[in-house]
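Q:
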Amino acid sequence: MSGLIMVTGATGALGNQVVEFLLERVPADRVAALARRPEALAGLVERGVTVRRGDYEDPAGLAAAFDGVAKLLLISARSFTDAKTAHRNVIRAAKGAGVRHIHYTAVQRRAGSAFVIPQATEWDEYTEKELAASGLDVTVLRNSQYLESLGKLIGELPPDHSIRVPAGHTPTALAGCGDMAEATAAVLATDGHAGHSYTLAGSRAFTLDDVATVLGEITGTPVTYQDTPIEDYVAARTRAGMPEPWARFTGAWFQAIAAGEFTPTDDIERLIGRPTTSLRAFLTDTAADHLPRAV
Ligand SMILES: NC(=O)c1ccc[n+]([C@@H]2O[C@H](COP(=O)([O-])OP(=O)(O)OC[C@H]3O[C@@H](n4cnc5c(N)ncnc54)[C@H](OP(=O)(O)O)[C@@H]3O)[C@@H](O)[C@H]2O)c1
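Numbering-wise, this note's numbering comes out as the position in the sequence shown, counting from 1, plus 1.
1. Taking 8 Å as the cut-off, decide whether the C-beta atoms of Asp125 and Thr200 are in contact.
2. Any heavy atom of ligand 1 closer than 7 Å to the Cβ of Ala174?
3. Taking 8 Å as the threshold (C-beta atoms), are Thr173 and Phe339 in contact?
4. Identify the residues that DSSP records as bridge partners of Tyr199: which are they?
5. Return the CA-CA distance between Ala289 and Lys96, expressed in angstroms with no decimal places.
6. Taking the CB atoms as reference points, tell me whether Gly55 and Ala41 lie closer together than 8 Å.
7. For Leu5, which residues does DSSP report across the bridge?
8. Quick check on the burial criterion: 16 or more other C-beta atoms within 10 angstroms. Buried or exposed for Phe255?
9. For a test of your reading of the model: does the CB of Val108 fall under 7 Å from any non-hydrogen atom of ligand 1? Yes or no.
10. Just checking my contact of Gly203 with Ala259 at CB under 8 Å: how many whole Å lie between their CB atoms?
11. Sort out for me which residues DSSP pairs Asp228 with in a bridge.
12. Kindly identify the DSSP beta-bridge partner or partners of Arg53.
13. For ligand 1, any of its heavy atoms closer than 7 Å to the Cβ of Gly55?
14. Assuming Glu218 and Gly177 make a contact with CB atoms under 8 Å, what is their CB distance in whole Å?
15. Under DSSP, the alpha helix (DSSP H) around Ile273 begins and ends at which residues?
16. Give the single residue among Val224, Glu245, Thr225 whose Cα lies nearest to the Cα of Tyr234.
17. In terms of residue numbering, what span does the beta strand (DSSP E) encompassing Ala107 cover?
18. Identify the continuous alpha helix (DSSP H) that holds Phe255 and give its terminal residues.
19. Within 10 Å of its beta-carbon, does Lys72 have 16 or more other beta-carbons around it, so buried, or fewer, so exposed?
20. Just mark Pro159 as buried or exposed, buried being the case when its beta carbon has 16 or more other beta carbons within 10 Å.
21. Going by CA-CA distance only, name the one from Tyr105, Glu232, Leu15 that's closest to Thr251.
22. If we call anything under 8 Å between Cβ atoms a contact, is Arg89 one with Glu131?
23. Below 8 Å between beta carbons: does that hold for Ala33 and Met7?
24. Roughly how far, in whole angstroms, is the beta-carbon of Thr222 from the beta-carbon of Leu74, given that I think they are within contact range, below 8 Å?
25. Could you check where the alpha helix (DSSP H) with Gln18 kicks off and where it finishes?
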């Protein structure tokens with residue numbers, strides 16, 4: 002398909018890496034990036050990428066920004082914003098501007114699951130209905146929780162080196178943001194994906210017990226994991242200064258792990274031609290974030 006391939010959210014962690022992996026696969030003059038702050042992407046402009054200003058909350062601006070775009074990656078809006086309106090604005094502006102194919106980043110769900118991740122599941126259901134009604138070609142990328150998000154949520158361990166979160170002992174297959182970005186770029190750069198969805202999860206599952214064990218092995222300091230009731234988790238996080246809505250939101254992502262939402266798939270592996278980043282490799286790179294006093 003000719004025309005530009007545009008990545009929204011290009012100043013963010015996922016979008017920025019998608020653009021970089023796209024540039025490994027297609028000429029820069031086919032790659033476009035949407036940003037609220039295009040000046041932040043001056044380096045991409047120098048490399049031949051088309052950078053346009055656009056805000057999900059500004060339909061007229063979006064329509065202009067999508068001129069000449071054939072494929073669009075809609076990176077979901079941030080939590081605690083009006084994401085439904087934002088996504089609807091993007092879809093309608095894209096259709097009006099002649100975009101033929103939208104790729105959307107949803108959150109992975111276990112088949113038949115009734116679990117609701119706040120600020121995610123309802124948005125995804127709404128957005129997928131809007132996409133289906135648009136008549137455009139659609140590809141949905143169902144992303145697991147990022148390994149990086151798990152790392153940030155665990156954060157610096159307390160003095161007793163315990164991880165106390167409500168994630169149960171259920172295996173979970175989180176993938177690194179970079180692996181998801183590379184797989185997303187592989188889909189964007191090739192044709193034949195209309196009407197398909199891909200579940201961008203890790204190749205192998207692990208439990209939070211495994212996280213503690215592996216972190217302990219890497220740092221040489223025993224780490225324990227204690228499955229923690231959600232109310233205890235929320236109380237501890239709010240005591241540490243986290244606003245309660247955010248504590249409940251982050252707690253829900255751990256509860257999603259406990260509910261078994263993030264099952265392993267080989268979609269990333271097939272798209273990028275190698276297994277996803279392992280838990281051990283990820284923790285080896287990031288161990289210092291958790292045990293600053295011990296490493
Ligand atoms: N699966 C997971 O574990 C996980 C974790 C984190 C996030 N997410 C979801 O995945 C999305 C991408 O993740 P990420 O790590 O790349 O997030 P991120 O680093 O926060 O980046 C979000 C991107 O979206 C852009 N954006 C936000 N609101 C916008 C608007 N109204 N108009 C235009 N652009 C807007 C931001 O632009 P600015 O630079 O201008 O703010 C930024 O480029 C998130 O927005 C969130 O929905 C998933």
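For every residue, glycine included, the Cβ atom is placed at its ideal position computed from N, Cα and C. Only a predicted model underlies this, so the values are computations on that prediction, with no experimental measurement involved.
A: According to the structure shown:
1. When the beta-carbon positions are compared, Asp125 and Thr200 stay at least 8 Å from each other.
2. Annotation for Ala174 indicates a beta carbon at 7 Å or more from all heavy atoms of ligand 1.
3. Because the chain is modelled from 2 through 296, residue 339 falls outside the range shown and cannot be assessed.
4. BP columns for Tyr199 point to Leu142.
5. Straight through space, the alpha carbons of Lys96 and Ala289 are spaced by roughly 46 Å.
6. No.
7. Beta-bridge pairing by DSSP links Leu5 to Val70.
8. It is buried - the Cβ of Phe255 has at least 16 other Cβ atoms within 10 Å.
9. Yes.
10. Taking a contact as a CB-CB distance under 8 Å, the pair Gly203 and Ala259 does not count as one, their CB atoms being some 17 Å apart.
11. Partner residues in the beta bridge of Asp228, as assigned by DSSP, are Val166.
12. DSSP, once it has assigned bridges, lists Leu35 as partnering Arg53.
13. At least one heavy atom of ligand 1 is nearer than 7 Å to the Cβ of Gly55, so yes.
14. In fact, because the Cβ distance is near 20 Å, the residues do not count as touching under 8 Å.
15. 268 to 273 is the span of the alpha helix (DSSP H), which, as asked, contains Ile273.
16. It is Glu245.
17. For Ala107, the enclosing beta strand (DSSP E) starts and ends at 102 to 108.
18. Looking at the DSSP string, the run of the alpha helix (DSSP H) that includes Phe255 is 245 to 259.
19. Under this definition Lys72 is a buried residue.
20. Residue burial annotation: Pro159 is exposed, with fewer than 16 other C-beta atoms found within 10 angstroms of its C-beta.
21. Nearest Cα to Thr251 within the set Tyr105, Glu232, Leu15: Glu232.
22. Yes, the pair counts as a contact, with Cβ atoms nearer than the cut-off.
23. Cβ distance < 8 Å, so Ala33 and Met7 count as in contact.
24. 41 Å between Cβ atoms; not a contact.
25. For Gln18, the uninterrupted alpha helix (DSSP H) run begins and ends at 14 to 24, by DSSP.
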